[in-house]
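Data block below; observations after.
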Amino acid sequence: MSVAGTSTAPGEPEGRDARYASASRNVDHAGLDPDQLPDGLVVADEHGRVVRFNAAAERITAVRAADVLGQPLEKALPLEDLEGRRWWQLTDPYGGLAIRVRQPERNLLLPGGREVLVCARYVRAEPLGPVRSVLVSLRDTEARRRTERSHAELIATVAHELRSPLTSVKGFTATLLAKWERFTDDQKRLMLETVDADADRVTRLIAELLDISRIDSGRLEVRRQPVDIGAAVFRHIQAYVAAGQPADRFLLRIEQPLPALWADPDKVDQVLSNLIENAVRHGEGTVTIDVTPCASPRDGEETGTSVTVSDEGPGIPEESMNRVFTRFWRGSKRGGTGLGLYIVKGIVEAHGGTITVGRAPVGGAEFRFTLPVGAPAFEFELPRRVG
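What follows is the structure, encoded as structure tokens:
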């Protein structure tokens, strides 16, 4: 079989298609199926003709592989830069500088104006030798745009949340400095207490921002130590009672014996604080905290600890359940940045645990997180006895 406009070379009865099929098989010699790659992959041979056009490339370009295999690269992938210049003519992979081995990722345009992220690699048999193949990677820009929008929303939210306490701090301190003698001691104390509370609010917001940065980059550090989770919950309840909440609003149930738990005590406190605060602020009635051993679904052994926080309020609407642990989700109009539950999920998962949300038996919201038994952050070696 031959292709119109081409001749069949001696010893190659199938002509150009056979050569491209052979080159395509060479690309896949490692056993990797390019169609399984998440990014688009386009490969051209030493003659600049396309020998591989994977499934992701078809999806991104809306072009069938069968229509472009064997075509010149610049025709199969007619890319332009943002100024309308043809990219392959600018870069000239086969006739350009012999020392060039790649093209860094950049935004280019497909026919119709669709934006795509493109980078290329030039494969040479030897340094400064001719290009044997060109590998082109294509990525859709939508994921990056979503990330950029998320970052912009985060910046806007943080700026908005910082403005209020900083304005308060600046206003009270300026007033005290200018008119110190005019205020009574009680008035001074009230203003200083407000400044102190606003400074704590700024500190918490900055801590949340740092936590989000570490979670997003996978750098959230967990320093495991022995944790008495029942005692930790009891401390939080005592703090609320001391702040004026009625003691009978809280019900703590601990199922004994609990397995030994190694976790980061500060981060566990952060999780408990957020979940109990949500139940107190947004829920109603009794806030119930159940601490129980949790069983492995595979072998049935007790491998961790489960904590369930539930209330008797209106609960979370069914349509919002899948958005609870995303950024900026707010269950009500009662303030907050909407970042707390996102951070809680990141902390629990950094421990190797899971967290879920549902409806409590009495109708309110129910959050349940489980933490595996874990191991200490550092292994300690006992000193050896001499003699």
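When the sequence shown is numbered by the working numbering, its final residue is 704 and no position is left out of the sequence of numbers.
All residues carry an ideal CB built from backbone N, CA and C; glycine is no exception.
Fair warning: this is a prediction, and the values are worked out from it, not measured in the lab.
> Is Gln-705 helix, strand or coil when you go by DSSP?
Replying inline: Beyond the ends of the chain as shown, which are 318 and 704, falls residue 705; an answer cannot be given.
>> Once the 5 residues before and after Pro-576 are set aside, which same chain residues still bring their CB inside 8 Å of it?
In response: Pro-610, Glu-619, Thr-620, Gly-621, Thr-622 and Val-690
>> Using 8 Å for Cβ pairs, my map puts His-553 next to Ile-523. What's the rounded Cβ distance?
In response: Between Ile-523 and His-553 the Cβ distance is about 22 Å, and since that is not below 8 Å, they are no contact.
>> Please report the distance separating the alpha-carbon of Glu-510 from that of Gly-669.
In response: 40 Å
> Out of curiosity, what's the CA-to-CA distance linking Phe-551 and Tyr-557?
Replying inline: 10 Å
> Roughly how many angstroms separate the alpha carbons of Val-359 and Leu-434, rounded to a whole number?
Replying inline: 13 Å
>> I want to know whether the stretch 375-384 touches the stretch 397-413 - three or more CB-CB distances under 8 Å.
In response: no
> Rounded to the nearest angstrom, how far is the Cβ of Ser-771 from that of Thr-605, given a contact under 8 Å?
Replying inline: The shown model of the chain, from 318 to 704, leaves out residue 771, and the question about it has no answer.
>> What does the Cβ neighbour count give for Pro-444, buried or exposed, with the cut at 16 atoms within 10 Å?
In response: exposed
>> Which of the three DSSP states is assigned to Thr-687 in this structure?
In response: strand
> Which value, in whole angstroms, describes the spacing of the CA atoms of Asp-502 and Glu-666?
Replying inline: 49 Å
>> Taking the beta carbon of Val-440 as the centre, do at least 16 other beta carbons fall within 10 Å, making it buried, or is it exposed?
In response: exposed
> When burial is assigned at 16 or more other CB atoms within 10 Å of the CB, is Asn-424 buried or exposed?
Replying inline: exposed
>> For the stretch 361-368 against the stretch 446-453, do three or more pairs of beta-carbon atoms, one drawn from each stretch, fall closer than 8 Å, so that the two count as touching?
In response: yes
> How would you write the range of the alpha helix (DSSP H) that Ile-664 sits in, first residue to last?
Replying inline: 657-667
> Helix or strand or just coil, what does DSSP make of Pro-631?
Replying inline: coil
> In its own chain, which residues sit with a C-beta less than 6 Å from the C-beta of Gly-675, not counting the 5 before and 5 after it?
Replying inline: Glu-683
> CA-CA distance, Gly-547 and Arg-456?
Replying inline: 49 Å
>> With H, G and I counted as helix, E and B as strand and the rest as coil, what does DSSP make of Leu-452?
In response: strand
> Around the C-beta of Thr-490, are 16 or more other C-beta atoms found within 10 angstroms, so that it is buried, or is it exposed?
Replying inline: exposed
>> Rounded to the nearest angstrom, what separates Gln-587 and Arg-506 at their Cα positions?
In response: 29 Å
> In terms of residues, what are the limits of the alpha helix (DSSP H) holding Asn-591?
Replying inline: 582-599
> When DSSP labels each residue in this structure, what does Leu-426 get in the three-state scheme?
Replying inline: strand
>> Here's a check: name, in chain order, each residue in its chain whose Cβ is nearer than 6 Å to the Cβ of Glu-391, leaving out the five neighbours to either side.
In response: Trp-405
> How about Leu-396 and Leu-426: do their beta carbons lie closer than 8 Å?
Replying inline: yes
>> Could you check whether Lys-584 and Arg-664 sit closer than 8 Å to each other, using their CB atoms as the reference points?
In response: Arg is not the amino acid found at residue 664; the sequence shown has Ile there. In this structure, Lys-584 lies closer than 8 Å to Ile-664 by Cβ.
> Would you say Pro-582 and Gln-542 are within 8 Å of each other, going by their C-beta atoms?
Replying inline: yes
>> For a test of the three-state rule: what should DSSP assign to Leu-354, helix, strand or coil?
In response: coil
> For Ala-373, does the count of other Cβ atoms within 10 angstroms reach 16, so buried, or fall short, so exposed?
Replying inline: buried
> Looking at the structure shown, is Val-435 part of a helix, part of a strand, or coil, going by DSSP?
Replying inline: strand
> Among Pro-355, Arg-366 and Leu-479, which residue has its Cα nearest to the Cα of Arg-376?
Replying inline: Pro-355
> Going by Cα to Cα distance, which pick from Ala-580, Leu-414, Thr-520 and Val-519 is closest to Arg-540?
Replying inline: Ala-580
> Val-433 CB to nearest chain B CB: under 8 Å?
Replying inline: In the displayed structure, chain B is absent; only one protein chain is listed.
> Measuring CA to CA, which of Tyr-659, Gly-357, Asp-352 and Leu-394 is closest to Val-367?
Replying inline: Leu-394
> Taking the DSSP output, what are the residues bridged to Glu-397?
Replying inline: Arg-403 and Leu-426
>> Looking only at its chain, what residues have a beta carbon closer than 6 Å to the beta carbon of Pro-482, apart from the 5 residues adjacent to it on each side?
In response: Asp-515, Arg-518 and Val-519
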